[in-house]
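In this note's numbering, the protein residues as written are 11 to 744.
This report concerns only the one structure given below.
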């Protein structure tokens with residue numbers, strides 16, 4: 011960019027320097043001519059000739075047809091002045107004539123002086139050439155008989171020298187200004203002007219001959235003659251130019267017509283080829299519905315041949331359910347109400363199958379004409395529709411069971427809830443189903459068996475529903491059933507009972523006999539349920555109430571459950587704060603020997619005094635801690651406190667007094683792999699002897715964790731810790 015800018019600046023400087031040089035040279039030439047002008051030879055005739063040259067001659071120009079040049083009368087009179095009055099007079103007259111002529115079309119004085127200097131320099135060069143070759147006498151310049159050869163040479167040199175100098179100076183200027191090579195500029199713009207110089211020199215030679223034979227008056231007579239010749243010739247040139255233009259236009263019109271005819275023929279060929287070989291189906295159909303023309307693609311899409319199409323009407327291949335709307339749109343198109351119509355349209359294939367298409371219909375001519383044919387453009391989108399339906403199905407159904415998924419169920423539940431607002435007789439109920447102990451199946455038999463069990467369960471759930479009900483899998487081992495319409499609430503309860511009856515029959519999965527049950531929460535929509543999320547919340551609450559009540563049962567949601575759920579939610583938050591702030595206390599229940607009535611040990615019991623609800627029993631906060639995942643932290647706090655307290659008592663008792671510390675461990679605590687190491691660390695930190703510790707567990711540990719629980723209990727026994735199974739028979743028995 012910088013180099014380009016620098017080049018332009020250098021070119022502008024060179025052009026400016028050149029203009030100054032030409033103007034300076036022209037001024038020197040003009041001054042020298044004025045200094046050497048033979049005033050004694052000038053007469054009134056010269057003044058009249060100069061006035062006519064400057065005033066009239068420069069205005070009379072004749073364009074040369076077919077060439078970028080013109081013939082100027084002023085050139086003739088300047089050359090005549092050179093022949094009659096000498097070179098100095100011609101130089102001065104040429105400079106003055108160029109100055110006056112330039113002022114007519116230019117206001118920039120540098121250009122005016124440049125043009126004037128150019129004419130002065132070129133005319134001076136002509137004078138110099140004539141003097142060098144020795145053609146200066148009156149006989150040579152006037153063409154006397156004995157010197158006619160020199161006269162012809164003089165005229166030729168005048169024309170050639172003036173042409174070369176004048177065009178060279180101008181070409182150099184254009185070359186510097188436009189950055190074009192000098193030869194290219196001169197050849198393209200100036201070489202054609204030689205003819206005007208030749209005519210001017212020839213006319214001057216003719217006039218000098220007439221002056222010598224008839225006197226100077228012939229020059230004055232030449233002006234009106236030249237004027238009439240100019241006007242006549244200009245009109246002639248205009249007629250010639252007009253004829254040439256008309257001929258050229260006629261040729262252009264003929265050429266354009268030929269090109270358009272050829273283009274139309276090619277367009278027809280291209281249209282025919284595009285119609286026949288288009289990748290989409292295209293057809294021309296009459297207003298009555300008759301197929302007039304069909305392409306190959308349409309034959310392939312619908313299975314009919316072109317001949318078979320012409321025997322049909324388009325209504326016969328439209329899918330029956332779509333025909334009414336289709337005919338309505340066709341009528342609007344033919345009546346001019348619409349310009350075109352696009353839609354996804356179902357057609358009937360010759361084989362009878364449904365073909366999904368993207369269909370575009372437009373009028374072949376004016377849409378307002380009821381007699382206009384129609385253009386059908388039909389693109390087969392069957393594969394795309396199948397893919398879309400598959401994606402839609404996958405997005406709205408569970409991949410394992412094929413049941414509707416959570417998203418689809420919530421959409422249908424929202425729609426059902428909206429229907430209850432517009433129809434007071436429309437009811438909505440939800441059954442929230444959670445499988446009991448399904449995790450044990452996955453852990454013991456593997457996920458493949460678990461997945462097959464879920465498939466079998468989904469089939470049994472379908473058998474329990476009414477035809478209008480919807481069963482969905484929310485995920486994992488959770489299912490829901492949507493019941494809507496006009497029914498009695500007892501019917502919903504019967505659905506839950508049928509589910510329990512179906513689940514009482516064992517499942518046989520790959521040789522494994524598996525018993526399953528479900529906890530079911532039932533919710534009947536009421537005015538307080540404004541969203542589907544609120545309904546699912548309360549149904550879930552009822553389901554958890556069924557689980558707490560012993561599983562394998564159903565519970566119907568009521569307001570007490572809602573209050574209990576709110577209280578549980580608050581207790582969850584408070585329990586987290588209580589564990590974090592170590593607000594739980596430990597009380598010790600003594601264990602007596604019945605025979606001696608002596609204290610054999612103590613059992614550590616956790617207590618929680620809530621600031622609002624007061625005493626919260628362990629049967630309430632222990633399951634809650636298990637549910638929210640804080641049982642490990644809470645259990646370690648209780649264990650650490652108990653070991654610390656009883657260790658202090660041991661220090662005060664005789665060594666022979668064997669007092670055992672009994673601590674309850676939750677089943678969920680065995681889910682943590684580090685429980686053994688954590689207990690060991692606490693014993694080390696508190697200094698409590700392991701042989702004085704007894705851990706009380708429930709038998710459900712063996713059912714839930716099986717081999718893992720056995721291994722952990724073995725490690726605890728190796729430490730010297732006693733293990734007791736508490737509440738035997740109240741948990742799970744195998």
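Backbone N, C-alpha and C define an ideal beta-carbon position, used for all residues, glycine too.
Identify, in the order they occur along the chain, each residue of the same chain with its Cβ nearer than 7 angstroms to the Cβ of residue i, setting aside the five sequence neighbours on each side.
{"i": "residue 312", "result": "327, 357, 359, 360 and 365"}
{"i": "residue 95", "result": "51, 52 and 56"}
{"i": "residue 300", "result": "323"}
{"i": "residue 116", "result": "122"}
{"i": "residue 375", "result": "382"}
{"i": "residue 739", "result": "Annotation note: pLDDT 45 at residue 739 (below 50); position unreliable, coordinate value reported separately. Correct list: empty, nothing qualifies."}
Give a yes or no on whether 7 angstroms exceeds the smallest Cβ distance from residue i to chain B.
{"i": "residue 175", "result": "In the displayed structure, chain B is absent; only one protein chain is listed."}
Helix, strand or coil for residue i per DSSP?
{"i": "residue 685", "result": "helix"}
{"i": "residue 125", "result": "helix"}
{"i": "residue 439", "result": "strand"}
{"i": "residue 154", "result": "coil"}
{"i": "residue 418", "result": "helix"}
{"i": "residue 568", "result": "coil"}
{"i": "residue 444", "result": "strand"}
{"i": "residue 709", "result": "coil"}
{"i": "residue 608", "result": "coil"}
{"i": "residue 309", "result": "helix"}
{"i": "residue 598", "result": "strand"}
{"i": "residue 727", "result": "helix"}
{"i": "residue 517", "result": "strand"}
{"i": "residue 88", "result": "helix"}
{"i": "residue 77", "result": "At residue 77 the pLDDT is 42, less than 50, meaning the model places this residue with poor confidence and gives no usable figure here."}
{"i": "residue 613", "result": "strand"}
{"i": "residue 59", "result": "helix"}
{"i": "residue 619", "result": "strand"}
Considering only DSSP beta bridges, list what residue i is partnered with.
{"i": "residue 303", "result": "294"}
{"i": "residue 352", "result": "370"}
{"i": "residue 483", "result": "489"}
{"i": "residue 452", "result": "Answer by DSSP bridge pairing: none, since residue 452 is not bridged."}
{"i": "residue 660", "result": "Answer by DSSP bridge pairing: none, since residue 660 is not bridged."}
{"i": "residue 703", "result": "671"}
{"i": "residue 494", "result": "438"}
{"i": "residue 275", "result": "DSSP lists no partner for residue 275."}
Terminal residues of the continuous alpha helix (DSSP H) containing residue i?
{"i": "residue 633", "result": "628-638"}
{"i": "residue 540", "result": "From DSSP, residue 540 is part of no alpha helix (DSSP H); its letter is neither H nor E."}
{"i": "residue 108", "result": "97-115"}
{"i": "residue 505", "result": "499-513"}
{"i": "residue 459", "result": "457-474"}
{"i": "residue 342", "result": "333-344"}
{"i": "residue 321", "result": "From DSSP, residue 321 is part of no alpha helix (DSSP H); its letter is neither H nor E."}
Could you spell out the range, first to last residue, of the beta strand (DSSP E) harbouring residue i?
{"i": "residue 522", "result": "522-524"}
{"i": "residue 386", "result": "384-390"}
{"i": "residue 359", "result": "Premise fails: residue 359 is in no beta strand (DSSP E) and is neither H nor E."}
{"i": "residue 527", "result": "Per DSSP, residue 527 belongs to no beta strand (DSSP E) and is neither H nor E."}
{"i": "residue 735", "result": "732-735"}
Going along the chain, which residues of its own chain have a beta-carbon closer than 6 angstroms to the beta-carbon of residue i, five neighbours each way excluded?
{"i": "residue 743", "result": "Any answer about residue 743 is weak, because its pLDDT of 33 lies below 50 and its placement is not dependable; what the coordinates show is given next. Contacts found: none."}
{"i": "residue 377", "result": "Bear in mind that a pLDDT of 47 at residue 377, under 50, signals an unreliable position, so the model cannot answer this."}
{"i": "residue 510", "result": "none"}
{"i": "residue 487", "result": "445 and 448"}
{"i": "residue 319", "result": "301 and 304"}
{"i": "residue 674", "result": "706"}
In chain order, what residues of the same chain lie with their CB nearer than 8 angstroms to the CB of residue i, ignoring the 5 residues before and after it?
{"i": "residue 23", "result": "none"}
{"i": "residue 517", "result": "463, 466, 467, 523, 524, 525 and 526"}
Indicate whether the contact test is met: 3 or more Cβ pairs, each with one atom in the region 94-101 and one in the region 33-44, closer than 8 angstroms. yes
Can we say the region 409-422 touches the region 465-485, given the rule of at least three CB pairs closer than 8 angstroms? yes
Could you tell me whether the region 447-460 touches the region 381-397, where touching means 3 or more Cβ pairs closer than 8 angstroms? no
So, do the region 554-563 and the region 524-533 have three or more beta carbon pairs nearer to each other than 8 angstroms? yes
Below 8 angstroms, how does it come out for the region 675-689 and the region 636-648: are there three or more Cβ pairs, yes or no? yes
Can you find at least 3 beta carbon pairs, one from the region 203-212 and one from the region 163-171, that sit closer than 8 angstroms? yes
For the region 598-611 against the region 566-573, do three or more pairs of beta-carbon atoms, one drawn from each stretch, fall closer than 8 angstroms, so that the two count as touching? no
Quick check: the region 585-597 against the region 613-621, are there 3 or more CB pairs under 8 angstroms? yes
How about the region 103-114 and the region 86-94: do they share at least three Cβ pairs that are nearer than 8 angstroms? yes
Assess contact between the region 497-507 and the region 428-444, defined as three or more Cβ pairs (one per stretch) separated by less than 8 angstroms. Is contact present? yes
Sufficient close CB pairs (3 or more, under 8 angstroms) joining the region 569-576 to the region 626-641: no
Is the region 258-278 touching the region 286-294 in the sense that three or more CB pairs, one from each, lie closer than 8 angstroms? no
Please determine if the region 419-431 and the region 537-549 are in contact, where contact requires at least 3 C-beta pairs separated by less than 8 angstroms. yes
How about the region 155-163 and the region 185-198: do they share at least three Cβ pairs that are nearer than 8 angstroms? no
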